[in-house]
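For reference, the structure discussed in these notes is given below.
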């Protein structure tokens, strides 16, 4: 029984999670790209698929910092869930002004968990910075972004 591909912690434009193919006689099971200590591992069912690891690369220091904290164990699924649940409740009760408060806090003193929160609550998960290096994506008016199903992915 095959399982769905794991969802990366960041929501990004262009993620191909839903377009992944599953198994055929001569293809790798490239549809199951699993996060394992911030390294993508290809689970292969075919001898033609020799690659066992791929390097996860980016130039954005905030993305790199988040994945390094995941890799080192500083951020776990439990800490991310607790943080997103708590911040999601604050966002639900305080609304849009709280999003901009966190964005201002992040731009003054960035943390990987604030970056994750902003990514989950900004417009369409866009990751964009201005020339001054400040995160500048507006708020997304979709409160379901912090529903239990999204927080636990």
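Residue numbers (the numbering used here): 0 to 152. Yeah, the Cβ is synthetic: ideal placement off N, Cα and C, and Gly gets one too.
Residues of the same chain with a CB within less than 8 Å of the CB of residue 63, apart from the 5 flanking positions on each side, are 57 in chain order. Comparing alpha-carbon positions, the option among 110, 141, 93 and 92 lying closest to residue 69 turns out to be 110. Looking at the DSSP output, residue 99 shares a beta bridge with no other residue. If you check the CB distance, residue 144 and residue 120 come in under 7 Å. Following the DSSP letters along the chain, one finds residue 69 inside the alpha helix (DSSP H) bounded by residues 60-71. Around the beta carbon of residue 102, 16 or more other beta carbons lie within 10 angstroms, which makes this residue buried.
Apart from sequence neighbours up to five positions away, the residues of its chain that approach residue 137 with a beta-carbon distance below 6 Å are 122, ordered along the chain. Only residues of its own chain outside the window of five on either side were considered, and among them 9, 10, 124 and 126 have a CB closer than 7 Å to the CB of residue 118, listed in chain order.
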